[in-house]
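**Student:** Take this structure first; my questions come after.
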Amino acid sequence: MSDKDNFYKSVYKIAVPVTLQSLLMALLNLTDQMMVGQLGDVAIASVGMSTKIYGIIAVVLAGLSTGVSIYAAQFWGNKDAKSVSHVLGLGLIVGFAFSFLFSAAVFIDSPLFLSMFTTDVNVIDDGYIFLRVMSLGFVPVMLTMMYSAILRSTGHAKWPMYVSLITVGLNIILNYVLIFGHFGSPEFGLKGSAMATLISRVFECLLIIGAVYRYRLPGAVGLKNLFMIPKPLIRKFFGTTYPLLLTELIWVLGETAYAIIYSRMGTTEMTAMTITFPLQGLCIGLLSGLASAAGVMVGNRLGANETDIALDHAKRFIRLGIIISLIVGAIIAVGSKLYVSAFNISEDAKQMSIYIVIVFAGFLWVKVSNMIIAGGILNSGGDSKFVFGMESTATWLIGVPSGLLLSYIWKQPVYLVYLVISLEEVVRFGFGYARIYSRKWMRNLVSDLSKLEV
Numbered sequence: 061m062s063d064k065d066n067f068y069k070s071v072y073k074i075a076v077p078v079t080l081q082s083l084l085m086a087l088l089n090l091t092d093q094m095m096v097g098q099l100g101d102v103a104i105a106s107v108g109m110s111t112k113i114y115g116i117i118a119v120v121l122a123g124l125s126t127g128v129s130i131y132a133a134q135f136w137g138n139k140d141a142k143s144v145s146h147v148l149g150l151g152l153i154v155g156f157a158f159s160f161l162f163s164a165a166v167f168i169d170s171p172l173f174l175s176m177f178t179t180d181v182n183v184i185d186d187g188y189i190f191l192r193v194m195s196l197g198f199v200p201v202m203l204t205m206m207y208s209a210i211l212r213s214t215g216h217a218k219w220p221m222y223v224s225l226i227t228v229g230l231n232i233i234l235n236y237v238l239i240f241g242h243f244g245s246p247e248f249g250l251k252g253s254a255m256a257t258l259i260s261r262v263f264e265c266l267l268i269i270g271a272v273y274r275y276r277l278p279g280a281v282g283l284k285n286l287f288m289i290p291k292p293l294i295r296k297f298f299g300t301t302y303p304l305l306l307t308e309l310i311w312v313l314g315e316t317a318y319a320i321i322y323s324r325m326g327t328t329e330m331t332a333m334t335i336t337f338p339l340q341g342l343c344i345g346l347l348s349g350l351a352s353a354a355g356v357m358v359g360n361r362l363g364a365n366e367t368d369i370a371l372d373h374a375k376r377f378i379r380l381g382i383i384i385s386l387i388v389g390a391i392i393a394v395g396s397k398l399y400v401s402a403f404n405i406s407e408d409a410k411q412m413s414i415y416i417v418i419v420f421a422g423f424l425w426v427k428v429s430n431m432i433i434a435g436g437i438l439n440s441g442g443d444s445k446f447v448f449g450m451e452s453t454a455t456w457l458i459g460v461p462s463g464l465l466l467s468y469i470w471k472q473p474v475y476l477v478y479l480v481i482s483l484e485e486v487v488r489f490g491f492g493y494a495r496i497y498s499r500k501w502m503r504n505l506v507s508d509l510s511k512l513e514v
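Residue numbers (this note's numbering): 61 to 514.
Written as structure tokens, this is what we have:
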């Protein structure tokens, strides 16, 4: 089999399961929204506010799991399975400390956390019970994310996908039973949705850990080997990971700033933007597997000191992402009117939405490229400080200021504001692409760490 055939076989093996898992989670969120939507405005708002609070821990755990993935991929490429387990142990220790403390704080005073996002007494009164139950699932979510990161980084991406498939089915059934009181169950309403989510997350956690130990997958070691971590690895891991956490934070703050800009432009404008979010999320989720595959495959090559092959893989991933996203973007642009027509909104909002969808379709190739370059390739070499600088500069020196100027000062239509804000993606692409060819990101992070004793 040729090198090209091996490349695409590996991409298929990693990218397809990650993509399917992303789509499954999108389906789960959509189903949750539809079922809770039957309970009224207060219930919907309560879930929305609780999701914002969950987003705080999700951001931290996403950065931590990315750090775990980076080192696990390089150790695996260096054929050092023992150190893969050490990375997992390190992620579990830090993840447990944060998720447990955050869970305890939210459980003890859920109304306080809700009051940070809303002053609506009804939302706080109804939402605190939902949030309190949800908080019990923060630790299981952390465990699932850490073990999933290890499995993807070592070429076992199908296992998280299988687990997600089972979990999504379970969650949908439990929502139906517990929210509405079917099959002899009491009708719990909003609390039932939280109970269904909690049970599903605990089950998901047990299922993925059970699979790891049942089939002796990477990470299936005793507690001694898991938590006896060499000090040099600890220092280096945190040096790489803290910029990842900052990058995630910058992203969340940037998205919040954009949401404020759009919402302050008017209800029609915000409606037009909002109905495009599911389509945007679906497209990014559909292509997210390429970024994951890039991180794993390039990281494996860097860990094996095969830098020329790593660079060749990086270039192939960028080309593949551009080609696929251009095709998807063209389909979206052609079908924009059909998509928008599915929503019962005003004619003005529909026309704005069509323009926004077309702008998104035009920039999809660069959004996907940046996801592959920053989230996959550059991070695989531990170039997290450069990624943080690139992301924060593009967002806060270009995106947010231009959005504020066009919306508040020059009073431009929302689709033009969105277009100009999206230009930050082009700037980010230029910096990222130049960084790829500079080879400065190509570092073997584990050459001096492999097979270290505690």
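Ideal Cβ positions, reconstructed from N, Cα and C, are used throughout, including at glycine.
1. Taking the C-alpha atoms as reference points, what is the distance between P461 and T367?
2. Check the C-beta distance from M431 over to A351 and give it rounded, since I have them as a contact under 8 Å.
3. With a threshold of 7 Å on Cβ separation, who are the neighbours of V76 within its own chain once the five nearest residues in sequence on each side are excluded?
4. So what does DSSP say about W425, is it helix, strand or coil?
5. To which residues of the same chain is G381 closer than 6 Å at the C-beta, ignoring the five residues directly before and after it?
6. To the nearest angstrom, how far is the alpha carbon of L250 from that of I239?
7. With respect to the alpha helix (DSSP H) encompassing D443, which residues constitute its N-terminal and C-terminal limits?
8. Output the distance between the C-alpha atoms of W425 and L386, rounded to the nearest integer angstrom.
9. Judging by CA-CA distance, which residue of F448, V107, M330 is the nearest neighbour of S170?
10. How about the stretch 258-273 and the stretch 203-211: do they share at least three Cβ pairs that are nearer than 8 Å?
11. Could you check what DSSP says for N404 in three-state terms: helix, strand or coil?
12. Taking F160 as the reference, which of F135, V120, D186, G137 has the closest Cα?
13. Can you look up W470 in the DSSP assignment and give me helix, strand or coil?
14. Within the continuous alpha helix (DSSP H) that includes K296, where are the two ends?
15. Quick one: which unbroken beta strand (DSSP E) runs of 3-plus residues sit fully inside the stretch 166-212? Chain order, please.
16. Just the C-alpha distance for F173 and P292, rounded to the nearest angstrom, thanks.
17. Hey, G151 and S125: beta-carbon distance below 8 Å or not?
18. Measuring straight from C-alpha to C-alpha, what distance separates V223 and A217?
19. What is the rounded straight-line gap between the Cα of Y478 and the Cα of M412?
20. Check this for me: beta carbons of I74 and R212, under 8 Å apart or not?
21. Using DSSP with H/G/I as helix, E/B as strand and the rest coil, what is Y275?
22. Measure the alpha-carbon distance for G127 versus F297 and round it to whole angstroms.
23. Look up M288 in the DSSP assignment and say whether it is helix, strand or coil.
24. Going by DSSP, what residue range makes up the alpha helix (DSSP H) through K375?
**Tutor:** The structure says:
1. Position 401 of the sequence shown, counted from the start, is the residue given in the question as residue 461. Position 307 of the sequence shown, counted from the start, is the residue given in the question as residue 367. Roughly 39 Å between the two C-alpha positions.
2. As a first step, residue 431 is located in the sequence shown; it is residue number 371 there, counting from the start. As a first step, residue 351 is located in the sequence shown; it is residue number 291 there, counting from the start. Indeed they touch by this definition, with Cβ atoms about 5 Å apart.
3. The count along the sequence shown starts at 1 and reaches residue 76 at position 16. G349.
4. Translated into the one-based positions of the sequence shown, residue 425 becomes position 365. Residue state, collapsed to three classes: helix.
5. Within the sequence shown, residue 381 is the residue found at index 321, counting from 1. Same-chain partners within the cutoff: L350, V428, S429, I432.
6. Walking along the sequence shown from the start, residue 250 turns up at place 190. Walking along the sequence shown from the start, residue 239 turns up at place 179. If I take the Cα positions, the gap works out to 6 Å.
7. The residue you call residue 443 lines up with position 383 of the sequence shown. Here D443 belongs to no alpha helix (DSSP H), and DSSP marks it neither H nor E.
8. If you number the sequence shown from 1, residue 425 lands on position 365. If you number the sequence shown from 1, residue 386 lands on position 326. Near 6 Å, if we compare the C-alpha coordinates of L386 and W425.
9. The sequence position of residue 170 within the sequence shown is 110, counting from 1. Taking only the C-alpha atoms, the option nearest S170 is V107.
10. yes
11. As a first step, residue 404 is located in the sequence shown; it is residue number 344 there, counting from the start. In the structure shown, N404 sits in coil (DSSP, three-state: anything other than H, G, I, E or B).
12. Translated into positions along the sequence shown, residue 160 becomes position 100. The shortest C-alpha separation from F160 is found at V120.
13. The sequence position of residue 470 within the sequence shown is 410, counting from 1. Looking at W470 - three-state DSSP - the assignment turns out to be coil, as it is neither helix nor strand.
14. In the sequence shown, counting from the first residue as 1, residue 296 sits at position 236. Unbroken alpha helix (DSSP H) run through K296: 291-324.
15. none
16. Walking along the sequence shown from the start, residue 173 turns up at place 113. Walking along the sequence shown from the start, residue 292 turns up at place 232. When rounded, the distance between both Cα atoms is 37 Å.
17. Within the sequence shown, the letter at position 91 stands for residue 151. Within the sequence shown, the letter at position 65 stands for residue 125. The answer is yes: Cβ separation under 8 Å.
18. Position 163 of the sequence shown, counting from 1, holds the residue named residue 223. Position 157 of the sequence shown, counting from 1, holds the residue named residue 217. Cα to Cα, the separation comes out at about 11 Å.
19. Translated into positions along the sequence shown, residue 478 becomes position 418. Translated into positions along the sequence shown, residue 412 becomes position 352. Rounded to whole angstroms, Y478 to M412 spans 11 Å at the Cα level.
20. As a working note, residue 74 is residue 14 in the sequence shown. As a working note, residue 212 is residue 152 in the sequence shown. Taking 8 Å as the Cβ cut-off, I74 and R212 qualify as a contacting pair.
21. As a first step, residue 275 must be located in the sequence shown, where it is residue number 215. It is coil, neither helix nor strand.
22. The residue you call residue 127 lines up with position 67 of the sequence shown. The residue you call residue 297 lines up with position 237 of the sequence shown. Cα-Cα distance, rounded: 7 Å.
23. Within the sequence shown, numbered from 1, the residue matching residue 288 stands at position 228. Looking at M288 - three-state DSSP - the assignment turns out to be coil, as it is neither helix nor strand.
24. In the sequence shown, the residue the question calls residue 375 occupies position 315. Taken as a continuous stretch (DSSP letters only), the alpha helix (DSSP H) holding K375 covers 367-394.
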